[in-house]
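Student: Going by the working numbering, the sequence shown opens with residue 1227, and the numbers climb by one from there. Even for Gly, the Cβ is constructed at its ideal location relative to N, Cα and C. The structure presented is a predicted model; accordingly, all values stated were derived computationally and were not measured.
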Amino acid sequence: MELIHIKVFNQEKAYDVWIEEDCKVNDFIEDVIHLWFKEQYAYEHFLYHIDEKKILVSHLSFKENHVIHSDQLILF
């Protein structure tokens, strides 16, 4: 398991989250958007890797996206 930091683009709060390396990014996003977004948005959400300056490939796992312990991401 890896501890990562995720900020939701429209909120002040950042979240510290434990993830399984083999968890698919899409599955993770589906699990958290209803918890973290106060309003419902009609577009596809994605995770942006701050340090790598790239959008994570949603059908790949966090490990396949090279996300490691303490990485910082933004959920859009």
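Taking the alpha-carbon positions, what's the L1229 to V1293 distance?
Tutor: As a first step, residue 1229 is located in the sequence shown; it is residue number 3 there, counting from the start. As a first step, residue 1293 is located in the sequence shown; it is residue number 67 there, counting from the start. When rounded, the distance between both Cα atoms is 10 Å.
Student: What number of angstroms, rounded off, separates the C-alpha of K1250 from the C-alpha of D1257?
Tutor: Numbered from its first residue, the sequence shown carries residue 1250 at position 24. Numbered from its first residue, the sequence shown carries residue 1257 at position 31. Distance between K1250 and D1257, taken at the CA atoms: about 11 Å.
Student: Going by CA-CA distance only, name the one from I1245, Y1269, F1235, F1254 that's closest to M1295.
Tutor: Against the sequence shown, residue 1295 aligns to sequence position 69. As written in the sequence, residue 1295 is His, which differs from the Met given in the question. When each option's Cα is compared against that of H1295, the closest is I1245.
Student: Please classify V1234: is it buried, with 16 or more other beta-carbons within 10 angstroms of its beta-carbon, or exposed?
Tutor: In the sequence shown, residue 1234 corresponds to position 8, counting from 1. V1234 comes out buried.
Student: Excluding the 5 residues preceding and the 5 following I1281 in the sequence, name in chain order all residues of the same chain whose CB lies nearer than 6 Å to its CB.
Tutor: Mapped onto the sequence shown, residue 1281 falls at position 55. These residues qualify, in order along the chain: F1272, Y1274.
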